[in-house]
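Right, one structure below, let's go through it.
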Amino acid sequence: MTAIASRIIPPLDDDNREFWTGGVTGQLHMPFCAACGRWVFPPVLQCPDCLGVAAYAPLRGRGRVFTYTVDHYPFNPEVPVPYVIAIVELVEQDGLRFTTNIVNCPIEAVAIGMPVRVVFEQQGEVFVPLFEPDPDA
Amino acid sequence: MTHDRVERGAIVSGIGMSRIGRKTGIPDAELTLDSTRAAIADAGISASDIDGIATIGDTPIALAAEQLGISTGWTSGSMGHYGLLTPVVDAFKAVGSGAARHVLVYRTVNMMGGEAIQERSDGTQMEVPPAMRDITRILTMHAYSAPNWLAMHLRRHMHLYGTTREQIGWLAINSRRNAALNPDAAYRDPITMDDYLSARMISDPFGLLDCDVPVDGSIAVVVSGAEHADACAHPVRVDAVGGSDGAGGWDQRPDYPKMASTDAAREMWDATDLRPADVDIAELYDGFTYLTMAWLEALGFCADGESGPFLEGGSRIALDGELPLNTYGGQLSAGRMHGYWVLHEACLQLRGAAGQRQVAGQPEVAVVSNGGGPIAGCMLLTR
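Here is the structure:
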């Protein structure tokens with residue numbers, strides 16, 4: 008999809024780069040610690056539990072809306088309001104969640120628990136992971 | 031946490047405030063001079079007795095000292111374990127440990143907006159506290175301001191517990207009711223539930239009246255060693271403090287929609303024999319309504335998820351209720367002094383000097399809190 012306004016992108020480093028750029032493949036990526044059998048977020052390459060190596064791997068890109076807000080105030084005048092900010096929890100693991108936007112969906116239809124799938128918005132080398140209703144759920 | 035409770039060696043010996051209002055156009059240094067002079071006079075000491083200064087925000091410490099004609103001595107100036115009240119708790123610990131005798135603490139704000147990372151008046155940026163280090167990936171999602179981040183907590187609370195906007199509205203109504211009795215409050219006209227519910231949406235479920243009022247102003251306190259209590263007309267004693275390291279940031283806490291206030295409250299209660307039932311006055315941070323609800327639950331005034339029913343009807347939290355709350359009008363109506371007006375008001379109430387809005391029955395224990403999301407600090411003060 009087309010960017011509606013330029014987004015603030017975190018400085019990319021070895022830990023987070025593949026989370027932000029991995030979407031070029033069409034899949035969402037996060038570090039996975041094979042020893043603990045756990046996905047690691049915020050993305051770091053050292054597992055915070057066992058201090059072992061976590062390596063990036065693709066996820067299914069499916070999840071549910073954990074919570075959300077509808078922004079009505081033009082904090083950034085370049086971003087048309089209203090729009091939906093949400094925290095999405097991924098299906099792979101309890102508590103594996105991050106803040107994102109819900110797109111391609113009427114605002115009234117957004118609800119906690121709604122099944123969603125990842126969709127990427129490209130901005131240079133970065134593919135920002137957003138979510139839309141999951142038609143297969 | 032430290033278990034030596036060195037903060038118990040501190041008292042709040044003086045309080046002061048500048049004129050506080052919307053877009054006053056008064057330079058921050060002038061506001062700071064007014065509040066600091068008032069606090070020093072209230073403490074019954076001279077400026078030359080001050081041997082420490084602590085602040086965060088507008089007016090650098092060196093300038094505050096220069097305009098009072100004093101040297102800076104011991105200083106502290108960062109947001110840390112106790113959130114915006116970190117300079118106050120640092121001062122408690124400084125006088126309690128003998129590092130200073132009289133510390134001047136002030137907080138000056140010039141209509142600070144909702145930006146995550148503030149610029150100082152000299153153009154330099156405030157250091158990003160650890161609790162805010164994951165904020166850039168949240169800003170990526172056009173979630174630019176605290177109401178965005180916190181409205182998601184409230185939405186989750188409503189989903190889990192059935193909390194309604196009609197329950198939350200009592201916080202706004204109660205604040206305005208108390209502000210009517212506070213001549214320094216920014217907004218003093220009464221509001222109704224209809225006003226609350228029909229206010230324009232900011233970040234749903236937060237409407238305009240869920241958000242606090244930016245103001246210009248300065249509030250100062252003098253923190254002295256407890257040995258000064260006999261020489262002080264109205265000492266307010268420090269019983270316990272609590273803070274948080276902000277683990278889990280804005281969206282990663284396993285117990286979401288709880289926030290760092292949960293950690294801070296636990297730390298505070300672990301450091302005292304007082305219990306929630308002993309508290310006579312609650313001055314709880316209300317940058318947004320949900321923050322006060324989270325503090326009510328974190329501090330144990332009601333069970334998890336029950337802040338909605340607790341607020342309903344507004345009688346429990348009224349000046350003559352079982353837990354008088356934000357007796358000066360809160361940040362929602364009086365103005366956003368970022369955790370310092372709650373402190374000032376708790377001292378006034380414990381002294382019995384709050385005028386028209388004084389809570390009856392000589393309140394003896396007050397709880398003061400500040401912060402939201404991964405930022406939290408609280409304290410128990412006694413008469």
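One line per chain: the protein sequences are A and B, in this order.
The first sequence begins at 8 in my numbering and counts up one residue at a time.
The second sequence begins at 31 in my numbering and counts up one residue at a time.
Glycine is no exception: its CB is placed at the ideal position from the N, C-alpha and C atoms.
### Query
What residues of chain A sit near Pro284/B, judged by a beta carbon separation below 8 Å?
Mapped onto the second sequence, residue 284/B falls at position 254. Gly102, listed in chain order.
### Query
Going by DSSP, which residues form a beta bridge with Val397/B?
As a position in the second sequence, residue 397/B is number 367, starting the count at 1. DSSP, once it has assigned bridges, lists Ala312/B, Leu410/B as partnering Val397/B.
### Query
Between the C-alpha atoms of Ser101/B and Leu93/B, what's the straight-line distance to the nearest angstrom?
As a working note, residue 101/B is residue 71 in the second sequence. As a working note, residue 93/B is residue 63 in the second sequence. Ser101/B and Leu93/B have their alpha carbons spaced roughly 10 Å apart.
### Message
I need the DSSP call for Pro284/B, collapsed to helix, strand or coil.
### Response
Translated into positions along the second sequence, residue 284/B becomes position 254. Of the three classes helix, strand and coil, the one that applies to Pro284/B here is coil, per DSSP.
### Message
If I measure Cβ to Cβ from Asn140/B and keep anything under 6 Å in the same chain, skipping five residues before and after, which residues do I get?
### Response
Numbered from 1 along the second sequence, position 110 holds the residue referred to as residue 140/B. Asp58, Asp88, Asp246.
### Query
Under three-state DSSP, which class holds Ile249/B?
In the second sequence, counting from the first residue as 1, residue 249/B sits at position 219. Strand.
### Inter-residue spacing [alpha-carbon to alpha-carbon] between Ala383/B and Pro89/A
Taking the second sequence and counting its residues from 1, the one referred to as residue 383/B is at position 353. Taking the first sequence and counting its residues from 1, the one referred to as residue 89/A is at position 82. One C-alpha to the other measures close to 46 Å.
### Message
Within the continuous beta strand (DSSP E) that includes Asn83/A, where are the two ends?
### Response
For the purposes of this step, residue 83/A is taken as the residue at position 76 of the first sequence. Segment: none, Asn83/A is in no beta strand (DSSP E) and carries neither H nor E.
#### Entry: Local Cβ density within 10 Å of Arg230/B, reported as buried at 16 or more and exposed below that
Within the second sequence, the letter at position 200 stands for residue 230/B. When all chains shown are included, Arg230/B counts as exposed.
### Task
May I ask you to report which of helix, strand or coil DSSP gives Ser254/B?
Taking the first residue of the second sequence as position 1, residue 254/B is located at position 224. Ser254/B falls in the strand class under three-state DSSP.
#### Entry: Partners in chain A for Leu169/B, counting only beta-carbon separations shorter than 7 Å
Reading the second sequence from its first residue, position 139 is the one you call residue 169/B. The contacting residues are Ile15.
### Within chain A, the residues that Ile232/B reaches when beta carbons sit closer than 9 Å
Here the question's residue 232/B lines up with position 202 in the second sequence. The answer, in chain order, is Asp78, His79, Tyr80.
### Query
Roughly how many whole angstroms lie between the Cα atoms of Phe318/B and Tyr370/B?
By one-based count along the second sequence, residue 318/B stands at place 288. By one-based count along the second sequence, residue 370/B stands at place 340. Roughly 16 Å between the two C-alpha positions.
### Message
Check whether the stretch 76–87 of chain A and the stretch 120–139 of chain A touch, using three or more Cβ-Cβ pairs below 8 Å as the test.
### Response
Cβ pair count under 8 Å is below three, so no.
### Query
For the alpha helix (DSSP H) that contains Val266/B, what are its first and last residues?
For the purposes of this step, residue 266/B is taken as the residue at position 236 of the second sequence. First-last for Val266/B: 266–273, but that is the beta strand (DSSP E), not the alpha helix (DSSP H).
### Query
So, does the CB of Asn178/B fall closer than 7 Å to a CB anywhere in chain C?
Of the protein chains in the structure, A and B, none is chain C.
### Task
Can you tell me which of the three DSSP states Ser13/A falls into?
As a position in the first sequence, residue 13/A is number 6, starting the count at 1. If DSSP states are grouped into helix, strand and coil, Ser13/A belongs with coil.
### Query
Are there 16 or more other CB atoms within 10 angstroms of the CB of Glu149/B, so buried, or fewer, so exposed?
Working through the second sequence from its first residue, we reach residue 149/B at position 119. Low local confidence applies: a pLDDT of 45 at Glu149/B is under 50, so the model's placement there is unreliable, with the coordinate-based value given in what follows. It counts as exposed.
### Task
Determine whether the Cβ of Thr74/A lies closer than 7 Å to any Cβ atom of chain B.
Mapped onto the first sequence, residue 74/A falls at position 67. Cβ-Cβ to chain B under 7 Å: yes for Thr74/A.
### Message
Give me, in chain order, the residues of the same chain whose beta-carbon lies closer than 6 Å to that of Arg267/B; leave out the 5 immediate sequence neighbours on both sides.
### Response
For the purposes of this step, residue 267/B is taken as the residue at position 237 of the second sequence. Excluding five sequence positions before and after Arg267/B, the CB atoms of its chain that fall closer than 6 Å to its own CB belong to Ile41, Thr412, given in chain order.
### Query
Does the beta carbon of Thr107/A sit closer than 7 Å to a beta carbon anywhere in chain B?
The sequence position of residue 107/A within the first sequence is 100, counting from 1. So yes, Thr107/A belongs to the interface.
### Query
Opposite Leu362/B in the DSSP bridges: which residues?
The residue you call residue 362/B lines up with position 332 of the second sequence. None; Leu362/B has no bridge partner.
### Message
Could you pull the DSSP bridge partners for Gln129/A from this structure?
### Response
Numbered from its first residue, the first sequence carries residue 129/A at position 122. Phe134/A.
### Query
Taking C-beta to C-beta, are Met37/A and Trp27/A nearer than 7 Å?
One-based indexing of the first sequence puts residue 37/A at position 30. One-based indexing of the first sequence puts residue 27/A at position 20. Met37/A is not a Cβ neighbour of Trp27/A, given a cutoff of 7 Å.
#### Entry: Candidates Ala390/B, Gly46/B, Phe122/B, Gly110/B: closest to Ser82/B by CA position
Counting from one through the second sequence, the residue named residue 82/B turns up at place 52. It should be noted that the sequence gives Gly, not Ser, for residue 82/B. The option with the nearest alpha carbon to Gly82/B is Phe122/B.
### Query
Who does Glu139/A pair with in a DSSP beta bridge?
The residue you call residue 139/A lines up with position 132 of the first sequence. In DSSP, Glu139/A forms a bridge with Arg124/A.
### Query
Hey, Gly46/B and Ala250/B are a contact pair by Cβ (cut 8 Å); roughly how many whole angstroms apart?
On the second sequence, residue 46/B is found 16 positions in, with the first residue counted as 1. On the second sequence, residue 250/B is found 220 positions in, with the first residue counted as 1. Yes, they are in contact, since the Cβ atoms of Gly46/B and Ala250/B sit about 5 Å apart, within 8 Å.
### Query
Considering Arg69/A, what are the terminal residues of the beta strand (DSSP E) in which it resides?
In the first sequence, the residue the question calls residue 69/A occupies position 62. Note, Arg69/A: beta strand (DSSP E), 69–78.
### Task
Verify the CB distance criterion: does Asn111/A have a CB-CB separation below 7 Å to chain B?
Reading the first sequence from its first residue, position 104 is the one you call residue 111/A. Answer no: the Cβ-Cβ gap between Asn111/A and chain B never drops below 7 Å.
### Query
How many Å lie between Ala146/B and Trp179/B at the Cα?
Counting from one through the second sequence, the residue named residue 146/B turns up at place 116. Counting from one through the second sequence, the residue named residue 179/B turns up at place 149. Bear in mind that a pLDDT of 36 at Ala146/B, under 50, signals an unreliable position, so the number given afterwards is only what the model happens to contain. The straight-line gap from Cα to Cα measures roughly 11 Å.
### Task
Could you work out which residue in Met289/B, Asp242/B, Ala259/B is closest to Ile75/B when comparing CA atoms only?
In the second sequence, the residue the question calls residue 75/B occupies position 45. Of the listed residues, the one whose Cα sits closest to Ile75/B is Ala259/B.
#### Entry: Best match in Gly39/B, Ala290/B, Ala348/B, Tyr174/B for proximity to Val133/B [C-alpha to C-alpha]
The residue you call residue 133/B lines up with position 103 of the second sequence. If we check each option's Cα against that of Val133/B, Gly39/B comes out closest.
### Task
Taking C-beta pairs closer than 8 Å, name the residues in chain B that Tyr90/A reaches, listed in chain order.
Position 83 of the first sequence holds residue 90/A. Simply His172.
#### Entry: Close beta carbons around Val395/B, own chain, < 7 Å, minus the five adjacent residues each side
For the purposes of this step, residue 395/B is identified with residue 365 of the second sequence, where counting begins at 1. Same-chain partners within the cutoff: Leu304, Asp308, Val309, Asp310, Leu410, Thr412.
### Query
For Ile94/A, which of helix, strand or coil comes out of DSSP?
On the first sequence, residue 94/A is found 87 positions in, with the first residue counted as 1. Reduced to three states, the DSSP call for Ile94/A is strand.
### Message
Just to confirm, is the Cβ distance from Thr74/A to Ile94/A under 7 Å?
### Response
Residue mapping note: residue 74/A aligns to position 67 of the first sequence, counting from 1. Residue mapping note: residue 94/A aligns to position 87 of the first sequence, counting from 1. Yes, the pair counts as a contact, with Cβ atoms nearer than the cut-off.
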